[in-house]
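What follows is one structure encoded as structure tokens, with my remarks underneath.
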Amino acid sequence: MGFDLGLIIAFALAGTATLSDVLRIPKKLRSWVAVMLILGLYMVNQWLYSP
101 MGFDLGLIIA FALAGTATLS DVLRIPKKLR SWVAVMLILG LYMVNQWLYS P
């Protein structure tokens with residue numbers, strides 16, 4: 101079980117849009133926030149669902 105990479109990317113992009121509005125992240129940093137969310141969610145997914 102676990103999430104596919106496409107779903108993780110979709111969650112991270114949606115989370116970045118939400119976080120950037122709430123935390124007022126500048127537009128130049130939003131892509132880095134998205135990358136960090138993707139990496140973080142992927143690592144948590146692998147840690148939780150690895151055999």
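Residue numbers (the working numbering): 101 to 151.
Even for Gly, the Cβ is constructed at its ideal location relative to N, Cα and C.
**OP:** Would you grab the beta carbon distance between G102 and Y149 for me? Rounded to a whole angstrom, and I think it's under 8 Å.
**Re:** 3 Å
Subject >> Close beta carbons around I109, own chain, < 7 Å, minus the five adjacent residues each side >> reply: I138
Original post:
Just reading off the alpha helix (DSSP H) that D121 is part of, what are its end residues?
Top reply: L105 to L123
**OP:** Taking only the alpha-carbon atoms, compute the straight-line gap between W147 and G140 and give it to the nearest angstrom.
**Re:** 11 Å
Original post:
Which first and last residues belong to the alpha helix (DSSP H) in which M131 is found?
Top reply: Reading off the sequence shown, one finds Ser at residue 131, where the question assumed Met. Looking at the DSSP string, the run of the alpha helix (DSSP H) that includes S131 is K127 to Y149.
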